[in-house]
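Asker: In UniProt numbering, the protein residues as written are 1 to 68.
1. Could you please give the first and the last residue of the uninterrupted alpha helix (DSSP H) stretch that includes residue 10?
2. Tell me, please, which residues DSSP counts as bridged to residue 47.
3. State yes or no: is the C-beta of residue 22 within less than 8 Å of the C-beta of residue 31?
4. Can you give me the Cβ contacts of residue 65 inside the same chain, cut-off strictly under 7 Å, excluding the 5 residues immediately before and after it?
5. Less than 8 Å between the beta carbons of residue 63 and residue 55, yes or no?
6. List the DSSP bridge partners of residue 33.
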């Protein structure tokens with residue numbers, strides 16, 4: 001069952017912050033760093049929030065990487 005746009009807007013109005021855990025499964029492809037490095041590569045994944053804000057390494061808001 002999906003969440004309606006009206007419900008999402010209502011939740012947004014009542015919330016000042018949120019946390020979301022995302023799991024990405026990519027077979028034999030790193031989505032963050034190249035090789036053994038923990039520094040993000042130029043191909044590191046980034047996210048675009050509902051308001052258009054980009055969440056990426058070095059940005060105003062950075063994703064917290066648990067495991068690559």
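All C-beta atoms in this analysis are idealised placements derived from N, C-alpha and C, irrespective of residue type, glycine included.
Answerer: The relevant details are as follows:
1. 5-14
2. 55
3. no
4. Excluding sequence neighbours, residue 65 sits near 32.
5. yes
6. Beta-bridge pairing links residue 33 to 40.
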